[in-house]
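Right, one structure below, let's go through it.
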Amino acid sequence: MIEINDLYKGFHNKPVLEGVNLAIQKGETVVIIGRSGCGKSVLLKHIIGLLKPDKGQLLIDGEDITAYPKDKLNQLRQRFGMLFQGAALFDSMTVAENVGLGLSEHTEMTEGQIREIAAEKLKMVGLVGVEDLKPAELSGGMKKRVGLARAIAMNPEFILYDEPTTGLDPIMADAINDLVINLRNTLKITSIAVTHDMASAYKIADRIAMLYKGKIIFAGTPEETKNSDNPVVQQFIQGRSQGPIPTLE
Amino acid sequence: MAILIKNLLINLPSALTHVSLVTEQMLIMGVNSLPLVVFTSIFTGGVSAVQAAYQFSDYIPMRYLGTAVGKAVVIELGPVLTALVVVGRVCASITAELGTMKVTEQIDAMETLALDPVKYLVVPRFVAGFVMLPVLVLFSDFVAILGGLAVSVFFLGISSYTFLNGLKMFFHLSDVFGGLLKAFVFGSIIAIVGCYQGFRTEGGAEGVGRSTTRAVVLASVLVLISDYIIASLLFG
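Protein chains in written order, with the numbering used here: chain A, 32 to 280; chain B, 7 to 242.
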């Protein structure tokens, strides 16, 4: 279980997170929605310890990770997988090396075993025969899939998705949504996704939480989200320029 | 930068477990820089012979030309010019590569895989810089002296016997070691500055360009400052 308690973070004196509170149950998929630049990715990076909060607690299975030393944080990270917005594949490595990197560093597996697992994970995300390609040879959708294969290579308990469908065509976006659902159903992974793609949010989420002005202003099932009487939530999910959310920042 | 250097020193033993990464960087920084270093060194030696001959004219016998070229190359020109060539070629490339990794979240991705970027990216580059710059300087010294010899023989009318005799006359092995000491320091500076500027890159392609420029300027200045300090300590 992940609990975020009263989390604050700012950059260059500009507050981004101003008291975020959210709890994510084991096996649940929570989608965090909000405008671009509202701090969704910043929140995600706190959960995996890439950023330290200015104030507040982040509990993973009851333990506050904000004060974890580097080695303990690295142990914890082996329980996580993360899919980055641009996939963040290592340019200098092949697809198989990208997917198997965590395994080669943290296990005693042979190169052959790692390659086998990489191929298996790539197959899970619908990619076959791409092991020896370099990231530059892949399309955007394929890169995301490889990023996803890398995220699940170590059989994580938690997966964090940063804008999993951004920049993809609608068909590829839906294929990624199906993969996220499939991973939750087959591997029972706890998932947190940040997105502003509402079609994706409705499809993959058990719960949707909205981040606005540095706080979670709403959390509920996709149905509750659609029926929310919060004008901010309604403006966002309907994609209207008129309403309480200003278009000028 | 102090934090980076501290983490680098703590993680230095990891070079033994990531030998392939270290050798890959040695190839990039050392072997691939060799043609450029050799090319520039020929002219470095040649110009030092021409300049020395001009300054000697009328009051210093030309039999000391080999001495002047040898000393200038081994103590100063070999290490400093090689370092400046490597700054332009390697330091810029380290910053551009790591800077691009930073802005495309590849370094964050590495951390999420519980891999330490210092161990994985900085240590191999530091070891490669520390080891390969002295090797390049040895090549540079040798080729520059040959360049000086060629110019002396073909353009200044000095026999190879006179030049080489002058070279041997005041040759001290300690001069070579002094030059190599500089090379160890310069190699470390190039790798650390390149990595540091890469890691602090922000703001997309423009940020990568800014960091690369900063890295080249900072590394060049630090090479020249440390050159003065080492020269003062060893030869002052």
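Every residue gets a Cβ at the ideal spot worked out from N, C-alpha and C, and that includes glycine.
Computed from a prediction, not measured in an experiment: that's the story for all the values here.
- Around residue 137(A), the beta-carbon contacts reaching into chain B at under 7 Å are 120.
- Against chain A, the CB of residue 21(B) has no partner CB under 8 Å away; the residue lies outside that interface.
- Only buried fits residue 96(B), as 16 or more other CB atoms lie within 10 angstroms of its CB.
- In chain order, 134, 148 place their CB closer than 8 Å to the CB of residue 140(A), counting only its own chain and leaving out the 5 sequence neighbours on each side.
- Where residue 243(A) is concerned, the enclosing beta strand (DSSP E) starts and stops at 238-243.
- Under DSSP, residue 48(A) shares a beta bridge with 40(A).
- The beta-carbon separation of residue 248(A) and residue 261(A), rounded to 7 Å, stays under the 8 Å limit for a contact.
- Boundaries for residue 210(B): no beta strand (DSSP E) harbours it, while the alpha helix (DSSP H) harbouring it runs 210-241, taken from the DSSP string.
- The C-alpha of residue 15(B) lies about 10 Å from the C-alpha of residue 128(B).
- Within the region 196-239 of chain A, the complete alpha helix (DSSP H) segments of 4 residues or longer fall at 201-218, 229-235, listed in chain order.
- Across the structure, residue 188(B) and residue 85(B) are spaced so that their CA atoms are roughly 7 Å apart.
- Residues of chain B with a Cβ closer than 7 Å to the Cβ of residue 79(A) are, in chain order, 118.
- For residue 74(A), the uninterrupted alpha helix (DSSP H) run begins and ends at 71-78, by DSSP.
- According to the DSSP assignment, residue 190(B) belongs to the alpha helix (DSSP H) that extends over 179-205.
- Within the region 85-117 of chain B, those residues whose Cβ lies closer than 7 Å to any Cβ of chain A are, in chain order, 110, 111, 112, 114, 115, 117.
- Per the Cβ contact rule, the region 197-212 of chain B is not in contact with the region 18-27 of chain B (fewer than 3 Cβ pairs under 8 Å).
- By the Cβ-count criterion, residue 223(B) is exposed, with fewer than 16 other Cβ atoms from all chains shown falling within 10 Å of its own Cβ.
- When DSSP reads this structure, residue 189(A) sits in a beta bridge with 111(A), 221(A).
- Residue pairing by DSSP places residue 53(A) opposite 35(A) in a beta bridge.
- In the structure shown, residue 94(A) adopts extended strand secondary structure according to DSSP, grouped into three states.
- Contacts between residue 214(A) and chain B, judged by CB atoms closer than 7 Å, are missing: the closest CB pair is about 17 Å apart.
- Looking only at 184(A), 235(A), 273(A), the smallest Cα-Cα distance to residue 138(A) is reached by 184(A).
- Taking CB atoms only, residue 119(A) has a neighbour in chain B less than 8 Å away.
- When Cβ pairs closer than 8 Å are counted between the two stretches, the region 44-53 of chain B is seen to touch the region 149-161 of chain B, the count reaching three or more.
- In the three-state reduction of the DSSP assignment, residue 100(B) falls in the helix class.
- Residue 71(B) carries a helical assignment under DSSP once its states are collapsed to helix, strand and coil.
- For residue 113(A), the closest Cβ of chain B is nearer than 8 Å.
- Minimum Cα-Cα distance from residue 207(A) among the listed residues 194(A), 217(A), 95(A) corresponds to 194(A).
- Taking a 10 Å sphere around the C-beta of residue 272(A), we find fewer than 16 other C-beta atoms and assign the residue as exposed.
- Under the three-state reduction of DSSP output, residue 161(A) falls in the coil class, being neither helix nor strand.
- Put simply, the CB of residue 179(A) is far from chain B, with every gap to its CB atoms at 8 Å or more.
- For residue 108(A), at least one C-beta of chain B is nearer than 8 Å to its own C-beta.
- Looking at 38(B), 93(B), 78(B), the one whose alpha-carbon comes closest to that of residue 195(B) is 93(B).
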